[in-house]
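Taking our numbering, the leading residue of the sequence shown gets 300, the next gets one more, and so forth.
For reference, the structure is listed below as structure tokens.
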Amino acid sequence: MSQLFREPANVIINRIKRGELTAEEYISVIIDRINNMDTKINSFITKNFENAIKRSREIDKKIQKGEKTGVLTGIPVGIKDNISVKGLKNTCASRMLSNYISTYDATVIEHIKSEDGIIIGKLNMDEFGMGSTSELSPYGPVRNPWNHEYVAGGSSGGSAAAVSSLQIPISLGSDTGGSIRCPASFCSVIGLKPTYGSVSRNGLISYSNSMEQIGPIARTIFDIVPILNTISGEDRMDNTTVVLKSQYRIKSLEEILSSKLRIGILSELIETSEAQIMNGIQEKIKVLEKFPFDLEDTRLGILDFAVAAYYIIAMAEASSNLSRFDNIRYGYYSNPEGYDWRSYFAKSRSLFGDEVKRRILLGSYVLSAGYFGKYYAKAQIVRSRIRNEFEKLFMKYDVLILPTMPVLPFKLGERISNPVDLYNLDLFTILANLTGFPAISIPAGFSQEGFPFGIQFIANAFDEQKLIDLAVLFEKEFDYKERFESI
Ligand code: GLN
């Protein structure tokens, strides 16, 4: 069987553009791979194979005619199931939306299509993006490609696991509090959460709108750059987006080294992680010492209330965003006959899973008269203090380094009955969402038992290029391609 599925997107794009490989040949290899692998991983909710083949033929025609094709020519992209793709089901892994078919494309999808990328399917996740393990899905849990009895991380677990198990080269996830970076860390792939406002949220089903961003997942930074360029930029359908100054690019080593990056290492956070993660990350940082960068230990002043503030804000926004699913305007429609309005609401809203219900209840509570000042307003104060703290650090440093997750992947079912325990695992990832700053998780190695973990870089607003530069350097230093040989 063809091993083409092992190749990164940038290699495939060139081969298709040069006419050495047709988009149709490649897509059929990918479809075979998904059919073989996904019975074990469970990363897809909807497969879009027929349309994908049709689209690949159209792209091949363009190439035969000598027409110019886009930066994603022939590349299958998997889409988290909370991002709208016209004509496909958009379930958000919820029974509430199990029959809902999108009537329009999210802006990011329009861009992918116009760059000749191919939408290959919709990917499994925690219901409405609420979770860190991808176990909270009525379609069953996503399984970690490195050990199928372990969690893939979440909530974009399907997006990370599909890329890590070599089913697809690129996917999109959404990150409200770490949902791109956590599964990237657990599955040994790269995940980037862009600066708030740099990627349109039009067509993303909202969970916590002031914190979430759509972002890419891939196995190499060389594949992150073209998809990030494709989805980034101003959109008149989302007035929180801004015009970006320039396109991202892969710089040469000399150019990266000449920029003399100032790097702040959040040692305290590294030291509170599981021992193998701590050691692994410290080793990686040592490698940076041989480059002409300014490396310095530093610390973040206030972290004590960060998780509490994140969850208060996320739940408050969730309770408001999910109120539209009311059996009248949006969501599962059930025949109202014989019901008063309360049971009419309840009939449809009882379809939400337990975690979603918990968040709606807590979110409504912290927004209610009498408690608003006690919880929600205080959480916003904590949020702005954390942002101030980061702004101070970014006067001294270009990039901050910390782990992505404090733990290695754990067994399916192991932590799911203790939500607060799971919430606490988000401490390192939520910081970039509370502040809006961009962050990337890149693979940092494996534990002795063979479980991956990630290292995280956070930069100032709209400084994604610096995250990319560091990722390029790490990728050159450590040959990450090898790690997929066992997959
Ligand atoms: N684990 C976090 C939460 O449950 C992050 C989720 C996300 O980023 N969508 O809110």
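The beta carbon of each residue, even a glycine, is placed where N, CA and C say it ideally should be.
Since we're looking at a predicted model, the values are computed, not measured.
Contact set for residue i: own chain, Cβ-Cβ below 7 Å, skip 5 residues either direction
i      : result
Arg354 : Ile417
Glu774 : Thr519 and Ile520
Glu776 : Val586
Met614 : Arg658, Leu661, Gly662 and Val665
Asp337 : Phe343 and Gln466
Gly318 : Ile362
Contacting residues, own chain, Cβ-Cβ under 8 Å from residue i (five flanking each side not counted)
i      : result
Glu688 : Leu599, Gly600 and Ile601
Ala770 : Ile489, Ile520, Ile523, Ile739, Ile741 and Phe756
Arg686 : Leu733, Thr734 and Gly735
Leu543 : Ser497, Ser531, Gly532, Glu533 and Phe761
Val706 : Ser572, Glu573, Ile576 and Leu724
Gly243 : Nothing in the structure corresponds to residue 243, since the chain is present only between 300 and 786.
Ile376 : First, the residue type needs correcting, since residue 376 is Val and not Ile in the sequence shown. Cβ within range, chain order: Ile411, Gly416, Ile417, Ile418, Ile419, Ile467, Ile469, Ser470, Leu471 and Ile526.
Selection from the options that minimises the alpha carbon distance to residue i
i      : options                           : result
His447 : Lys412, Lys316, Lys646 and Gly712 : Gly712
Leu565 : Val488, Phe693 and Gln302         : Phe693
Leu699 : Glu690, Pro705 and Ser327         : Glu690
Leu435 : Ser393, Thr406, Val771 and Asp404 : Ser393
Thr475 : Asn508, Pro444 and Ser487         : Asn508
Ile611 : Ala743, Leu707, Lys673 and Ile526 : Lys673
Ser716 : Thr321, Lys583, Ile584 and Thr432 : Thr432
Ile530 : Asn309, Ala405, Phe592 and Glu573 : Ala405
Tyr495 : Ile467, Glu533 and Leu303         : Glu533
Pro708 : Gly579, Lys677, Glu554 and Ser746 : Ser746
Ile580 : Ala676, Lys339, Ile569 and Lys316 : Ile569
Tyr438 : Asn341, Ala308 and Ser484         : Asn341
Phe592 : Ile358, Val370, Asp768 and Thr728 : Asp768
Lys322 : Ile362, Phe777 and Pro307         : The question names Lys, yet the displayed sequence has Ala at residue 322. Of Ile362, Phe777 and Pro307, the residue nearest in Cα terms is Ile362.
Asn634 : Leu650, Leu772, Lys646 and Ala743 : Lys646
Leu552 : Phe590, Asn528 and Ala517         : Phe590
Val586 : Ser301, Ala308, Glu414 and Ala743 : Ala743
Glu588 : Leu527, Pro515 and Lys559         : Lys559
Ile516 : Asp720, Leu465 and Asn759         : Leu465
Val328 : Glu776, Leu303 and Pro307         : Leu303
Ser454 : Lys339, Phe427 and Val462         : Phe427
Val606 : Asn578, Thr540, Lys583 and Pro718 : Pro718
Gly386 : Val376, Ser401, Thr372 and Asp380 : Ser401
Glu595 : Tyr325, Asp425 and Glu567         : Glu567
Asn309 : Leu730, Ile549 and Lys710         : Ile549
Whether residue i touches residue j by CB criterion (9 Å)
i      : j      : result
Ser458 : Gly472 : yes
Arg480 : Gly753 : yes
Leu701 : Gln764 : no
Asp469 : Pro493 : Strictly speaking, residue 469 in this sequence is Ile, with Asp absent from that position. Contact flag unset, no.
Ile408 : Ile374 : no
Lys388 : Ile344 : yes
Ser397 : Thr390 : yes
Val441 : Asn423 : yes
Ser618 : Arg648 : no
Arg305 : Phe783 : yes
Asn347 : Lys412 : no
Met429 : Tyr506 : yes
Arg500 : Asp537 : yes
Asp415 : Val370 : yes
Tyr629 : Arg623 : yes
Ile788 : Leu320 : There is no way to answer for residue 788, as the model of the chain reaches only from 300 to 786.
Pro737 : Leu766 : yes
Asp625 : Phe644 : yes
Tyr722 : Thr597 : no
Ile358 : Thr368 : yes
Asn528 : Tyr547 : yes
DSSP beta-bridge partners of residue i
i      : result
Tyr629 : Phe624
Ile489 : Ala517
Ser661 : The amino acid occupying residue 661 in the given sequence is Leu; Ser does not appear at that position. Answer is none; Leu661 lacks a bridge partner.
Leu503 : Ile382
Ser470 : Gly377 and Ile516
Ile754 : Pro702 and Ile741
Val498 : Ser531
Beta-carbon contacts of residue i that lie in its chain and below 6 Å, excluding the five residues immediately before and after
i      : result
Val681 : Phe604 and Ala608
Ile576 : Pro702 and Phe752
Gly456 : Ser433, Val441 and Pro482
Ala460 : Ile340, Ser342, Val441, Pro444, Ala451 and Cys486
Asn350 : none
Neighbour flag for residue i against chain B, beta carbons, 9 Å
i      : result
Tyr675 : Note that chain B does not occur in the displayed structure, where there is just one protein chain.
Next item on the list: Can you check the region 573–607 for any beta strand (DSSP E) of at least 3 residues that lies completely inside it and give the ranges in chain order?
Entry: 593–597, all fully within the region 573–607.
Checklist line | Sequence ranges, alpha helix (DSSP H) only - wholly within the region 669–752, length at least 4 | finding: For the region 669–752, the continuous alpha helix (DSSP H) assignments of 4+ residues that do not extend past its boundaries occur at 676–695, 718–723 and 726–734, in sequence order.
Check: If you scan the region 384–459 from start to end, which runs of the beta strand (DSSP E) of 3 or more residues do you find wholly inside it?
Finding: Fully enclosed beta strand (DSSP E) runs of 3 or longer: 417–422 and 446–450.
Item checked: In chain order, each alpha helix (DSSP H) run of at least 4 residues that lies wholly inside the region 323–392 -> Entirely contained in the region 323–392, the alpha helix (DSSP H) runs reaching 4 residues are, in chain order, 348–363.
Notebook entry, point to check: Where in the region 516–572 do unbroken runs of the alpha helix (DSSP H), each at least 4 residues long, occur, reported from the N-terminal end onward?
Noted result: For the region 516–572, whole alpha helix (DSSP H) runs of length 4 or above, ordered along the chain, are 520–530, 552–557 and 566–570.
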